[in-house]
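Residue numbers (the numbering used here), protein chains in the order written: chain P, 290 to 870; chain E, 290 to 870. Take a look at the structure set out below.
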């Protein structure tokens, strides 16, 4: 089906000219130049569609596939014509790399988009694998672009690939691709390709979150895990429990209203990014103490390390009817608002410290024998509520590995502790998300965020490295295969992975440059696979120039991604800045 | 002279309310609120001066002290009234921390600035210690501000301290300080407080450089070391050697014209920041090969590690009359343009690899016995030209430590290799700048920038840590005393220090968040001293809340500094996120 052209491309892919990110499963490109302007015809299932910068599909859970694709076309045009860049950093210094605009030009004439199957309701809130994200894209030498996909999200992915073919000409009034003809056949390796954003430890505006969704969609990432509350703050407005955000937000008004939440979820759906909200429990929830008393133990107990991993501690009382009542109210308020837009809800479950329950007047014990049945009941109850709302529960791995809690077969388990955890979980039959902190925790390696007073604390912790250093360079991120070492059968249970952005020292100001393009590196592993079609690990020599190009494109589109290499490297062959022993 | 009020303040300084950065040598503050508006009177040596946002002193080397101070006042007003912030992150959650704007308000009525001595020419291009940067600032309860300084730069420092007293009120139309009365007596510990910015490996616009000068001035840092060329690119236009930038810049037009350079130097002088340009030689200059042949050996030789520390290598031929002719032309073009604005020129000298001269047809040797006399002659010649232009030479330490070159007593030696180097150099009588990479290299710890092909290179270098990790957190930066372990007499030879921003993976996009506020931490060590007036190392408990406040102020003023701690920490006492064993 896909034979000779592909082989010819394998060599080309080593050069700087063939620069899609993430790399498609199959791609062939040529060397003919096609210009593009805004007069070309775009059709969707035969209907002509218009494109307007900033066009958004209508709001509401009655999604229109056509509107979603139309918005994708508008974004592609925005990226090609408004937010594009001249690729001087990616071409030989002082070389004449641009096409001559005074010669006869061939233009892209049309983009014919065909969605071959109807989106059903699950297409907009899929379980992992439930929506077919594959697409094909061809661009002929005479300027006919053809996109085919089974779903609207497949069409969106095709459009993101299409726009990555084009550059701005330094004249400022022309845009072109040097890569025609193009033929792409593409689909994701893993169905769950996520970013975890902790919006509880630091405050992020709704626009910061949407901005992150944008960048994810450009990288064909499709799950935004919103860690929305933690012991430090509760920025989530729950109208039935108004004091939560009033007292628990870092500042009155710095909280997400129901409209905000709806807006974030919709924004994601329109871009193929499903939002998965986490309200971490029964630990990591001390902040509730500020609003509703008698639900929490160990809030801000010191020294914190006896009670939790970081201040201010605090966990639910696990044998309290008041806590169950609270959960009822919380979930009954929240779930109906998010269920139209997502298949999942994450109940957390990491780092629960047994000691906390010693302070619980109903328990007064840190004995696993005492606590485990209480926790089992708690989780069963919470997950029952999740399922009642039509959602599927997510948990952190400690629920199994530390507590041996029995979970439903539907539950997705997120692993962060590395080692053999993912393998063990998959072999035990669990669906697993790989967030191994050794590779995919993007906040790590920049040093401690705690204060150390002169004297013993200073001496002990000098030079103040954090627990999870060194920082995860894109090369390290890229080296991580989420299903490494698993049998083919067990590997199927690894739904994908998430890079994590814990926000002890990250806010909107440094978010972009810490997340991107390192999350892109994970994005390619998750979409394209750590191995190429020949089963070889993808090489930095292949990835570096493409990632450098993707970075320039992201910057041009408004995301402050960090540079991959200095221009001296990106202007040359990848071996120019390659190490040869 | 300065007794009781000071002691009273020592306690206060532990709280979050007293937040100047860098901390003045002596400060007392109160708890009375003063409002401020734009109608107050400002005088300079008795003359009323006006303030206009964006006001700049006239261009040219005939500096007007009054214009410089007037521009400083305008910037202070810009910072207070335009680019200010509501300090919610620095105050207890949901607390009523703002003054009541409906009550009777006392306003700041006047700022009386007195410069007690005239600036002489050296004030605008001082050798280390040549200009007196001290100042006093008082702000009385009834709103009279008095600034006294011997130099215009002292006045600028006072104005930066003054503006840091003020916050925006959330009403949006009021501005206030909660700290009156204020009394400050201040002067720097070290005369050389620098940032090294590598504008050769990555390209930075003139505005990026000026932006960095702004942030330096806010932190009372006063030396911008501009590493303007390296083997990767030559962005410096030399009209007498036009091909240098034409061929050596990363892209035609991405180079600094004589006007640009004049503008950068002037911009610095107007803000008390002296620019020190480095043209690194005789190594780190391979790029000249692209423009002028026969001056360079080992350009882009591979494997690079035989010839230099990183690609593309390249060093001057050290026994070549053509190289001496080139230096004559280069220096005679450049020096007259910069000498009006600076006391210094840096001739580099780091990482010269002996092997390079094996490829030099005139030398064909890597024997130190052969090379050292050639290098001595080269340095003598170059430094002679520097002195002829009225400038003082700077070098990297290897000229002494690796090569045992004899240098003039005037030469300042920059040490980066850590260990006992600074001590050894000072004990040998050299003036030293401390840039110990273990503490003050801000680019470190984010991983390798080289590509490693699958196989041996990948295996050897996995997990791709860079040579100088881990990354230098602000706590580590802050722990570094540039004159640690030196006798009082030797310590006088340590003129100060520089944090370094090497740009293999830094460009304008991530510059701010990598440099700030970590450079601020070094800035305080260099201005205030690692030890307080009682001789105790300054504590993270004292520094963290002040640095967090400075960070917010920098962000408000347009510099994308990274967060110091999450709001949970900054809203509380410093011990809230402090480690207690």
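Glycine is no exception: its CB is placed at the ideal position from the N, C-alpha and C atoms.
Short of 6 Å from the beta carbon of residue 469 of chain E, and not among the five residues preceding or following it, lie these beta carbons of its own chain, in chain order: 319, 321, 323, 428, 430.
In the DSSP secondary-structure assignment, residue 407 of chain P is not bridged to any residue. Membership of residue 471 of chain P in the beta strand (DSSP E) is indicated by the continuous run 464-475. When C-alpha distances from residue 551 of chain P are compared across P:610, P:518, P:623, the shortest belongs to P:623. One thing to note: residue 635 of chain E has its Cβ within 9 Å of the Cβ of residue 684 of chain E.
Straight across, the Cα-Cα distance linking residue 418 of chain E with residue 742 of chain E is about 51 Å. According to DSSP, residue pairing for residue 315 of chain E in a beta bridge involves E:474. For residue 799 of chain E, the three-state secondary structure derived from DSSP is helix.
A distance below 7 Å between beta-carbons, with the five flanking residues on each side excluded, links residue 596 of chain P to the following residues of its chain, in chain order: 587, 590, 602, 642, 644, 645. Inter-residue distance for residue 517 of chain P and residue 849 of chain P is about 23 Å (C-alpha atoms, whole angstroms). Residue 809 of chain P and residue 657 of chain P have their C-alpha atoms roughly 41 Å apart.
Neighbours of residue 752 of chain P in chain E, taken as residues at a C-beta separation under 7 Å, are given in chain order as 765. From the listed residues E:343, E:579, E:337, E:845, the smallest Cα separation to residue 401 of chain E is found for E:337. Proximity of chain P to residue 865 of chain E at the Cβ level (cut-off 7 Å) is accounted for by 600, in chain order. By a beta-carbon distance limit of 8 Å, residue 346 of chain E contacts residue 559 of chain E. Their separation comes to about 5 Å.
Secondary structure at residue 817 of chain E: helix, using DSSP grouped into helix, strand and coil. Note: residue 345 of chain E is not bridge-paired with any residue in the DSSP secondary-structure output. Uninterrupted alpha helix (DSSP H) stretches at least 4 residues long and entirely within the stretch 716-791 of chain P occur at 726-729, 745-750, 763-767, 777-780, given in chain order. With respect to residue 798 of chain P, residue 802 of chain E sits close: the two C-beta atoms are nearer than 9 Å. Under the DSSP assignment, residue 437 of chain P falls in the beta strand (DSSP E) whose first and last residues are 433-438. Residue 482 of chain E is outside the set of residues whose beta carbon lies under 9 Å from a beta carbon in chain P.
Among the residues facing chain E, residue 579 of chain P is included, as its CB has a counterpart in that chain under 9 Å away. Within the stretch 317-381 of chain P, the runs of alpha helix (DSSP H) that reach at least 4 residues and sit entirely inside it are, in chain order, 354-366. Using beta-carbon distances, residue 796 of chain P counts as an interface residue toward chain E, with a partner under 9 Å. Annotation: Cβ neighbours of residue 737 of chain P in chain E (cutoff 7 Å, chain order): 762, 764. Within the stretch 442-465 of chain P, not one residue has a Cβ closer than 7 Å to any Cβ of chain E. Close CB contacts of residue 811 of chain P within its chain, under the 7 Å cut and outside five residues either way in sequence, are with 729, 766, 786, 788 (chain order).
Secondary structure note for residue 507 of chain P: its alpha helix (DSSP H) is the uninterrupted segment 495-507.
For residue 518 of chain E, there are no neighbours in chain P by C-beta distance under 8 Å, as the nearest C-beta there is about 13 Å away.
Uninterrupted alpha helix (DSSP H) stretches at least 4 residues long and entirely within the stretch 636-697 of chain P occur at 657-677, 687-690, given in chain order.
DSSP, reduced to helix, strand and coil, places residue 604 of chain P within a strand of the structure shown. Considering only beta carbons, no part of the stretch 667-689 of chain E lies closer than 9 Å to chain P. Residue contact check for residue 310 of chain P against chain E: no CB pair falls below 9 Å. For the stretch 826-843 of chain E, the set of residues with a beta-carbon nearer than 7 Å to any beta-carbon of chain P comprises 826, 828, 829, 830, 833, in chain order.
The beta carbon of residue 689 of chain E lies closer than 8 Å to those of 696, 702, 714, 717, 719 in the same chain, with the five residues before and after it left out. In this structure, the CA atom of residue 461 of chain E is about 11 Å from the CA atom of residue 372 of chain E.
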